[in-house]
Amino acid sequence: MAASSGKCSFTAPVAARCYSHAMVESDEEFDARWVTYFSKPDIDAWELRKGMNTLIGYDLVPEAKILDSALRACRRLNDMASAIRILEAVKDKAGPHKDIYPYLLQELRPTLTELGISTPEELGMDKC
Amino acid sequence: MSLPKPVMRGLLGKRLRFHLPIAFTLSLVAAIAFKYGVTEPRKKAYADFYKHYDATKEFNTMKEAGIFESVRPSVD
Numbered sequence: 001m002a003a004s005s006g007k008c009s010f011t012a013p014v015a016a017r018c019y020s021h022a023m024v025e026s027d028e029e030f031d032a033r034w035v036t037y038f039s040k041p042d043i044d045a046w047e048l049r050k051g052m053n054t055l056i057g058y059d060l061v062p063e064a065k066i067l068d069s070a071l072r073a074c075r076r077l078n079d080m081a082s083a084i085r086i087l088e089a090v091k092d093k094a095g096p097h098k099d100i101y102p103y104l105l106q107e108l109r110p111t112l113t114e115l116g117i118s119t120p121e122e123l124g125m126d127k128c
Numbered sequence: 001m002s003l004p005k006p007v008m009r010g011l012l013g014k015r016l017r018f019h020l021p022i023a024f025t026l027s028l029v030a031a032i033a034f035k036y037g038v039t040e041p042r043k044k045a046y047a048d049f050y051k052h053y054d055a056t057k058e059f060n061t062m063k064e065a066g067i068f069e070s071v072r073p074s075v076d
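The listed protein sequences correspond, in order, to chains A and B. The UniProt record's numbering applies: residue 1 is where the first sequence begins, and numbers increase by one. The UniProt record's numbering applies: residue 1 is where the second sequence begins, and numbers increase by one.
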């Protein structure tokens with residue numbers, strides 16, 4: 001949303017989106033690329049972890065559709081732990097912006113129900 | 001109750017664009033304040049002390065006080 005401001009790399013939300021280079025990518029292309037990454041049918045555990053770690057390194061909170069794709073990848077890998085961890089990571093990424101996590105849970109609720117994923121809050125894991 | 005979509009991109013960039021100029025300015029102000037509040041008065045104090053300092057007179061005062069080992073006070 002804020003990406004198309006035409007300023008230099010300091011304001012770029014994503015590492016790849018440096019306006020001084022040749023590569024300029026829209027938010028939709030970025031999202032689509034990551035949805036595709038996690039949609040690989042035979043994705044392996046390493047690729048899941050690598051993908052998530054890279055994604056978390058960007059200056060953005062991943063869109064619901066990317067997270068949906070990642071959670072389904074966890075399902076294919078029978079990795080419940082990673083699925084819950086993804087939710088924790090996303091909440092942490094939002095930082096002081098407390099409206100982001102509830103919004104994402106709202107968007108992901110159908111997926112969470114379908115895949116049987118509990119949120120950290122439901123498991124009491126958010127209080128340490 | 002359906003939540004509206006919040007801004008999810010560029011949050012750190014926005015924060016930095018706001019806070020970094022303030023941080024740099026405040027650091028600069030702190031440095032300038034220290035320079036003119038502490039170091040310059042100190043340098044002036046030393047300069048003022050030594051402006052009319054007579055080393056020979058001070059030496060003789062110290063000599064008469066008997067604090068030196070290699071030169072004793074003038075014949076008591």
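Where is the CB? At the ideal position from N, CA and C, for every residue including glycine. All figures in this text were calculated on a predicted structure; none of them were measured in a lab.
Query raised in the report: Using a beta-carbon distance below 8 Å, is residue 37 of chain B in contact with chain A?
Result: So, not an interface residue.
Report task. Identify the contact partners of residue 6 of chain B in chain A, using a Cβ-Cβ distance below 8 Å as the criterion. Result -> The contacting residues are 97, 99, 100, 103.
Query raised in the report: Counting only beta-carbon atoms, is residue 28 of chain B nearer than 8 Å to chain A?
Result: So no, residue 28 of chain B is outside the interface.
Report task. Assuming residue 62 of chain A contacts residue 90 of chain A (C-beta within less than 8 Å), just tell me the rounded distance between them. Result -> Indeed they touch by this definition, with Cβ atoms about 7 Å apart.
Query raised in the report: What residue range is occupied by the uninterrupted alpha helix (DSSP H) comprising residue 76 of chain A?
Result: 64-76 is the extent of the alpha helix (DSSP H) around residue 76 of chain A.
Query raised in the report: Are there three or more Cβ pairs, one per stretch, closer than 8 Å when the stretch 11-28 of chain B is compared with the stretch 63-75 of chain A?
Result: Verdict: no, contact absent.
Query raised in the report: What three-state label does DSSP hand residue 72 of chain B in the structure shown?
Result: The three-state secondary structure of residue 72 of chain B, taken from DSSP, is coil.
Query raised in the report: Of all the CB atoms in chain B, is at least one closer than 8 Å to the CB of residue 149 of chain A?
Result: Examination of residue 149 of chain A is not possible in this model, given that chain A is present from 1 through 128 alone.
Requested in this report: Below 8 Å CB to CB, which residues in the same chain sit around residue 71 of chain A once its five sequence neighbours on both sides are set aside?
Outcome: Once the five neighbours on either side are set aside, the close Cβ partners of residue 71 of chain A are 83, 86, 108, 111, 112, 115, 117.
Query raised in the report: Cβ of residue 38 of chain A within 8 Å of Cβ of residue 73 of chain A?
Result: Result yes, Cβ atoms of residue 38 of chain A and residue 73 of chain A sit closer than 8 Å.
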